[in-house]
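Quick note: the sequence shown uses our numbering, first residue 1, plus one each step. The C-beta atom is built at its ideal place from N, Cα and C for all residues, glycine as well. Read the structure below first, then the notes.
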Amino acid sequence: MIKVSEYFDGRVKSLGQELAGQRFTVGIIEPGEYTFGTQTLEIMEVIYGEMDIVHHDGRRDSYRKGQSFQVPRDTKFTVTAKRPVAYLCLYQ
1 MIKVSEYFDG
11 RVKSLGQELA
21 GQRFTVGIIE
31 PGEYTFGTQT
41 LEIMEVIYGE
51 MDIVHHDGRR
61 DSYRKGQSFQ
71 VPRDTKFTVT
81 AKRPVAYLCL
91 YQ
């Protein structure tokens, strides 16, 4: 069953599913700055647009379409999007 999630007053939305034991979401981030927390290791891939990330350790990076990054479990990271961004997130 597809799970629909909405965060930050609807400015971030995702559709989640689990197939063959792999849990994942695809979503859209509207322009803005958002801090997310993790419960598992997450692998985020940008599938449209570009986002700036402040990682849990304070490191800053930018990611564009086709690029991915990992976020450790039980940490927080901040996303800044200047334009809409689409992403795929795999949960490990």
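Given this structure, state the Cα-to-Cα distance separating residue i from residue j, to the nearest angstrom.
| i | j | result |
| --- | --- | --- |
| residue 15 | residue 91 | 13 Å |
| residue 36 | residue 76 | 5 Å |
| residue 86 | residue 57 | 24 Å |
| residue 64 | residue 44 | 11 Å |
| residue 13 | residue 29 | 7 Å |
| residue 49 | residue 62 | 11 Å |
| residue 25 | residue 60 | 23 Å |
For the putative contact between residue i and residue j, defined by C-beta atoms under 8 Å, what is the C-beta separation to the nearest angstrom?
| i | j | result |
| --- | --- | --- |
| residue 67 | residue 41 | Going by Cβ atoms, the distance from residue 67 to residue 41 rounds to 18 Å, so no, they are not a contact pair. |
| residue 31 | residue 84 | 7 Å |
| residue 6 | residue 80 | Not really, about 19 Å apart at Cβ, beyond 8 Å. |
Could you tell me if residue i is buried or exposed, where buried requires 16 or more neighbouring beta carbons within 10 angstroms of its beta carbon?
| i | result |
| --- | --- |
| residue 20 | exposed |
| residue 1 | exposed |
Mind pulling the beta strand (DSSP E) runs of 3 or more residues that sit fully within the region 1 to 65? You should have 3 to 7, 12 to 19, 22 to 29, 32 to 37, 42 to 48, 50 to 54 and 60 to 64.
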